[in-house]
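Beneath this line is the structure, given in structure tokens, with notes to follow.
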Amino acid sequence: MASGVRLVVPCFDEADRLDVGAFRARLAQDPDLALTLVDDGSRDGTRAVLEELARDAGPRVEVVALPHNVGKGEAVRAGVLAALRSGAAYVGWWDADLATPFAEVARLRTTLEERPAAWLAMGARVQALGARIERRALRHYPGRFVAARVARMLRLPTYDTQCGAKLFRAEATPAGLFDAPFVTRWLFDVEVLARLERRHRDGEGPPPEDVVVEVPLLSWRDVPGSKVRPTDFFRALWGVRRIRRHYRLTRRRPR
Ligand SMILES: Nc1nc2c(ncn2[C@@H]2O[C@H](COP(=O)(O)OP(=O)(O)O)[C@@H](O)[C@H]2O)c(=O)[nH]1
Ligand SMILES: [Mg+2]
Numbered sequence: 073m074a075s076g077v078r079l080v081v082p083c084f085d086e087a088d089r090l091d092v093g094a095f096r097a098r099l100a101q102d103p104d105l106a107l108t109l110v111d112d113g114s115r116d117g118t119r120a121v122l123e124e125l126a127r128d129a130g131p132r133v134e135v136v137a138l139p140h141n142v143g144k145g146e147a148v149r150a151g152v153l154a155a156l157r158s159g160a161a162y163v164g165w166w167d168a169d170l171a172t173p174f175a176e177v178a179r180l181r182t183t184l185e186e187r188p189a190a191w192l193a194m195g196a197r198v199q200a201l202g203a204r205i206e207r208r209a210l211r212h213y214p215g216r217f218v219a220a221r222v223a224r225m226l227r228l229p230t231y232d233t234q235c236g237a238k239l240f241r242a243e244a245t246p247a248g249l250f251d252a253p254f255v256t257r258w259l260f261d262v263e264v265l266a267r268l269e270r271r272h273r274d275g276e277g278p279p280p281e282d283v284v285v286e287v288p289l290l291s292w293r294d295v296p297g298s299k300v301r302p303t304d305f306f307r308a309l310w311g312v313r314r315i316r317r318h319y320r321l322t323r324r325r326p327r
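Numbering (the working numbering) for the sequence shown: 73 to 327.
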């Protein structure tokens, strides 16, 4: 699979929601695609569903089964470490509900192919004519508020760090980027950017804006069954604060 794409799909209690048919169809249609499905200590039949998918697909689908629920960030991190060992050229993470359709993988990949300096392509849910971005107002507005706080903290013009669709060039992965546990459960995407920023500050790598690209998606829909609750808005604000302190984002960047 040295040329292919391997997506890490974090799954927590997804037995009823996972569209197994859509996953099977995509694997059949796209021989370049491989999956690392992470069962994050689900309490329902998720693990059996994932293992059946893997049994039918052979080595292109691997299951990482975590014994306890550790949260999306840590589940993705475990999956990414496994996926990097697989030798895929592009590794990413993708929400199990397929809110971002598989068709967008190719657009993220093309962006990385066209921009050799880029390391990470992030899907961005930008509402615009010509795109179909279906978000609920109740998630959209608090989400935009958090997004603005994140961009301000990172001092980067990010639009949407929280979209569940990301793809990166495996060979360009900075050593150790995924080695340490994340300090937040849901804002780990922000932590990846904060880690890049910290490396740059320490003189160990390029600034994040040189290697990260946001790709406005053509299609995204809010899939029912989300485990995010309204109180998570406050948790997210607290998470932003935690990241600022943990990664010392108040320090000046080198010029
Ligand atoms: N590992 C892990 N993944 C989770 C957890 N909660 C949700 N997820 C996964 O994170 C992704 C997005 O979850 P979802 O509930 O749809 O969140 P939303 O799209 O942000 O509203 C899906 O792949 C879920 O299975 C959790 O506690 N642990
Ligand atoms: Mg979702």
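Where a beta carbon is used, it is the ideal one built from N, C-alpha and C, also for glycine.
Predicted model only: the values in this text are computed from it and were never measured.
SER298: CB within 7 Å of a non-hydrogen atom of ligand 2:
yes
Which runs of the beta strand (DSSP E) at least 3 residues long sit entirely within the stretch 199-279? Give them in chain order.
Within the stretch 199-279, the runs of beta strand (DSSP E) that reach at least 3 residues and sit entirely inside it are, in chain order, 204-206 and 237-241.
Ignoring anything shorter than 4 residues or poking outside the stretch 82-122, list the alpha helix (DSSP H) runs there in chain order.
92-101
Identify the continuous beta strand (DSSP E) that holds ALA137 and give its terminal residues.
133-138
Quick check: what's the CA-CA separation for MET225 versus ALA100?
42 Å
Assigned exposure category for TYR319 - 16 Cβ within 10 Å defines buried
buried
Pull the bridge partners of LEU290 from the DSSP assignment, please.
Looking at the DSSP assignment, LEU290 forms no beta bridge with any residue, so it has no partner.
If you measure from the CB of ASP85, is any heavy atom of ligand 2 nearer than 7 Å?
no
Which whole-angstrom value is the C-beta distance of VAL77 and VAL177, which I expect to be below 8 Å?
About 6 Å separates the Cβ atoms of VAL77 and VAL177, confirming a contact at the 8 Å cut-off.
Apply the 10 Å Cβ neighbour rule to ASP251 and answer buried if 16 or more other Cβ atoms are within range, or exposed otherwise.
exposed
So ALA193 and VAL285 are supposed to be a Cβ contact under 8 Å. How far apart are they, rounded?
5 Å
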